[in-house]
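Colleague: These protein sequence lines are chains A and B, in that order.
In this text, residue positions in the first sequence follow my numbering: the first is 913, and each later residue adds one.
In this text, residue positions in the second sequence follow my numbering: the first is 5, and each later residue adds one.
Don't be surprised by glycine CBs; every beta carbon is placed ideally from N, CA and C.
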Amino acid sequence: MTVTDSTPPRSIDDYLKALRRALNGADPALIQDALSDAEAHLRAECSARPDQSEESILRTITDSYGSPEHVAAAYLETDQAAQKVLSPPRVSSAGGADSSSGIRGRFFAVYGDVRSWTSLMFMLLSLFTGILYFTVAVTGLTLSLGLMILIIGIPFFVGFIGLTRVLSLVEGRLVEAMTGERMPRRVKPAHTGGWLERIGAMLRDLRTWSTLVYQLLSLPLGVIYFSIAVTLSAFGFGLIGGGVVNLLQSFGVELPMNVSTGIEGGVIGAVAAMVLGVIMLTALMHLARAIGRLQGKIAKRLLVEG
Amino acid sequence: MSEAARKFQRDLNSGLVALVLLGVLAESDEDLYGYDIAKRLQQARAGEPLFKEGTIYPVLRSLAASGWLSSRIVPSYSGPPRRYYRITEEGRVVLSEWRAAWRDTREFVDQFTGASDSMNPTPEDRAS
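In structure tokens:
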């Protein structure tokens, strides 16, 4: 790590720009974390010393807070070290003792992995969030276009894009909680300047459009995820339940109502149905985990990188 | 401080910053945010700080990601919202292990380098 200081930053904005440059190419979520930490600290520093100008405080900031290059290096090192240290034991400890007992153990270890449960929750939830995002995106876009001929269309459009940014942060938090994919912790700062400048910047910002694409995409994806989750789990539980009922019936247990499960083959058929049901549910858990990862990548690509 | 001393300090800091941060938060009765912690550390030492304030933030985040700190966000008048940290029970367990490791390491290192500042062996001393 070589710390070479070019001209020291003169304002908080300068410092943040230099920090962003120094982190160029890093994980976008890490960049946003680093920028928000630095901004919070520098603003706190300025308000703690109200008698001094921002420029004079910034002149000494490389000595106390560290130069942008130094701070960037600290984030990159910590992130790498954390990923190396933290991720492997997390995954293996989730599998528990089963993970050592061959393919069968690994197949069922998915139940011990929190990610597969949260991803399954996400699949069920995604239909409702999908409907919400889709409705907001379509309504906002059509109304913006329709109102463009009136003056009200301009603030409406700005408000609409602001709303999509907030929704994109909410979705990011949801995706991170459910799938573990790292997402930003705060809303991307709004553009400054007059109405027209702000609209121009929003229209040029690739992320505005990729966020809208994500919101439109989230409805069909939500329908697919929800259908997979509901169909497979209903089918799996149906097979297990049917097997249990058949087993009870074949042992002569009187059931309160006359149920026909459609499962043939007596005890063997009933056991086979239950095994198949368990396999189907476990396969669903694996699928959920894979879909969680995929959704994390999609969200990262469209909501963060733009 | 010479460049060699600075580099040595940086190498030392990679684990020690995390230990110090856990220690500060374990001592504190209230939740602390990054700037608060940075100023406490600054006040505890006269002269050049051992590490830059900017380097504690990524460590705080990684400690929180490990579940050793919990954090909450509080809006602030002076700028972006502040992230307040508090040590978790898991963090206290880790801290007591780290404290023991640090004590052992310090005692071991002191045996060879001398505990007082007057002893300052250079590579030449050791070679002879």
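Just tell me which of A:1028, A:1128, A:1053 and A:1113 has its CA closest to the CA of residue 1091 (chain A).
Modeller: Selected option, being the one with the closest Cα: A:1028.
Colleague: How many angstroms separate the CA atom of residue 98 (chain B) from the CA atom of residue 72 (chain B)?
Modeller: The alpha-carbon atoms of residue 98 (chain B) and residue 72 (chain B) are separated by roughly 8 angstroms.
Colleague: Around the Cβ of residue 1076 (chain A), are there at least 16 other Cβ atoms within 10 angstroms (buried) or fewer (exposed)?
Modeller: Buried: at least 16 other Cβ atoms inside 10 Å.
Colleague: Closer than 9 angstroms between beta carbons: that is the criterion. Which residues of the segment 45–61 of chain B meet it against chain A?
Modeller: From the segment 45–61 of chain B, only 46, 52, 53, 55, 56, 57, 58, 59, 60 and 61 have a Cβ closer than 9 angstroms to chain A.
Colleague: Between the segment 1066–1081 of chain A and the segment 1172–1187 of chain A, do at least 3 Cβ pairs fall closer than 8 angstroms?
Modeller: With the cut-off at 8 angstroms, the segment 1066–1081 of chain A and the segment 1172–1187 of chain A do not touch.
Colleague: What's the gap between the Cα of residue 1021 (chain A) and the Cα of residue 1157 (chain A)?
Modeller: Spanning the two alpha carbons is a distance of roughly 28 angstroms.
Colleague: Assign residue 908 (chain A) to one of three DSSP states: helix, strand, or coil.
Modeller: Because residue 908 (chain A) is not part of the residues shown, which for chain A are 913 to 1218, the question remains open.
Colleague: Buried or exposed: which applies to residue 50 (chain B), given that a residue is buried once 16 or more other Cβ atoms fall within 10 Å of its Cβ?
Modeller: Exposed, by the Cβ-count rule.
Colleague: Tell me, which residues are paired with residue 78 (chain B) by DSSP?
Modeller: The partner list for residue 78 (chain B) (beta bridge, DSSP) reads B:86.
Colleague: Write down every uninterrupted run of the beta strand (DSSP E) in the segment 1066–1133 of chain A whose length is 3 residues or greater and which is fully enclosed by it, in chain order.
Modeller: Complete beta strand (DSSP E) runs here, min 3: none at all.
Colleague: Let me check one thing: in DSSP terms, what residues is residue 924 (chain A) bridge-paired to?
Modeller: According to DSSP, which records beta bridges pairwise, residue 924 (chain A) is partnered with nothing at all.
Colleague: Hey, out of A:943, A:1122 and A:967, whose CA is closest to residue 954 (chain A)'s CA?
Modeller: Comparing Cα-Cα distances from residue 954 (chain A) to each of A:943, A:1122 and A:967, the minimum goes to A:967.
Colleague: Using CA coordinates, which residue listed in A:973, A:1059, A:944 and A:946 is at the minimum distance from residue 1219 (chain A)?
Modeller: In this structure chain A extends from 913 to 1218, so residue 1219 (chain A) is not present and cannot be described.
Colleague: Does the count of Cβ pairs from the segment 979–991 of chain A and the segment 925–934 of chain A closer than 8 angstroms reach three?
Modeller: The segment 979–991 of chain A, when compared against the segment 925–934 of chain A, does touch it at the 8 angstroms Cβ threshold.
Colleague: Taking its Cβ as the centre, do 16 or more other Cβ atoms sit within 10 Å of residue 60 (chain B), making it buried, or is it exposed?
Modeller: Burial call: buried.
Colleague: Does the segment 1106–1113 of chain A come into contact with the segment 1048–1058 of chain A, if we say contact requires no fewer than three beta-carbon pairs (one atom in each stretch) closer than 8 angstroms?
Modeller: Touching, no, given that fewer than three Cβ pairs across the two stretches are closer than 8 angstroms.
Colleague: At a Cβ cut of 7 angstroms, what residues of the segment 16–40 of chain B count as close to chain A, listed as they run along the chain?
Modeller: The segment 16–40 of chain B vs chain A, Cβ under 7 angstroms: 38 and 39.
Colleague: Taking only the alpha-carbon atoms, compute the straight-line gap between residue 1004 (chain A) and residue 95 (chain B) and give it to the nearest angstrom.
Modeller: Any reading at residue 1004 (chain A) needs caution, since the residue's pLDDT is 38, under 50, leaving its predicted position unreliable; the model's value is listed next. If I take the Cα positions, the gap works out to 21 angstroms.
Colleague: By a C-beta neighbour count over all protein chains shown, 10 Å radius and 16 as the cutoff for buried, is residue 1034 (chain A) buried or exposed?
Modeller: Residue 1034 (chain A) is buried by the Cβ-count criterion.
Colleague: Exposed or buried, which one is residue 1215 (chain A) when buried takes at least 16 other CB atoms within 10 Å?
Modeller: Its Cβ being crowded by 16 or more others within 10 Å, residue 1215 (chain A) is buried.
Colleague: Identify whether residue 36 (chain B) lies in helix, strand or coil by the three-state DSSP scheme.
Modeller: Reduced to three states, the DSSP call for residue 36 (chain B) is strand.
Colleague: Give the range of the alpha helix (DSSP H) segment to which residue 17 (chain B) is assigned.
Modeller: Residues 7–31.
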